[in-house]
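If you count the sequence shown from 1, position 119 lands on 552 in the working numbering, and the numbers rise without skipping.
All C-beta atoms in this analysis are idealised placements derived from N, C-alpha and C, irrespective of residue type, glycine included.
If you're wondering where the values come from, they're calculated on a predicted model, not measured in any experiment.
In what follows, a single structure is set out as C-alpha cells and then discussed.
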Amino acid sequence: MNFVTPTEAELATLRADPIVFEQELDVRPEVASSLETALGFRAGRAYWRSPGGHLFAIELGDFGRGRPSMAIVYAFWPRYEPRPIDDEAIDAELAPFLLWMAEVCQGLDPEDVKWNLGVTPTIRARAQRRP
C-alpha cells in the first residue's frame, strides 16, 4: 500500500466522502486486531493514494472493547465538485487496498476478495438493466 501523509493545505481543498462503513468491526475480532497491527493504531486515520492518484483513508474507532470497533473508508474529492469518477472506477481504485487488507487480516481470504471484485461489474450491469 502507498500510505501517505497529506498536507493540511491539500486536505483543506478536499471533502471526505464515506464510501465503506463497518460499525461492528469488533464482531470479527481477528480482522479488527489484524488491522490494528497492520496500521499501527487502534483508533485513528491512515491515508493512501490509489493507482489513479486519488486520496483515500481508513479510519478506525475504538469503543473500549480492546480492539478497533468500527472502520470507515473515505474517498477525498475536490471540495465543491461532484465525484470525479463513477462507482465502477471507485471499485477499481479500491481493489489494491481491499486485496492488501485481505492479505494482512486473519479471517479474510484474498481469493474471496478477488472473486467479489470479479463479479461486481456483472451485478451492477444487471441492476442497471432492471426497470
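#1: Take Lys547 and list the residues in its own chain whose beta-carbon comes closer than 8 Å to its own, dropping the five residues that flank it on each side.
#2: Cutting at 8 Å between CB atoms, please list the residues of its own chain near Glu544, excluding the five before and the five after it.
#3: Going by the beta-carbon positions, is the gap between Val464 and Gly540 smaller than 8 Å?
#4: From Asp519 to Glu526, what distance separates their C-alpha atoms?
#5: Give the DSSP-derived three-state secondary structure of Leu493 in the structure shown.
#6: For Asp542, which of helix, strand or coil comes out of DSSP?
#7: Starting from Leu468, trace the alpha helix (DSSP H) in both directions and tell me its first and last residue.
Reading from the atomic positions:
#1: The answer, listed in chain order, is Leu532.
#2: For Glu544, where only same-chain residues beyond five positions count, there are no Cβ hits under 8 Å.
#3: Closer than 8 Å, so yes.
#4: Taking the straight line joining both Cα atoms gives about 11 Å.
#5: Correct three-state label for Leu493: strand.
#6: Note: Asp542 maps to coil in three-state DSSP.
#7: Note, Leu468: alpha helix (DSSP H), Pro462 to Leu472.
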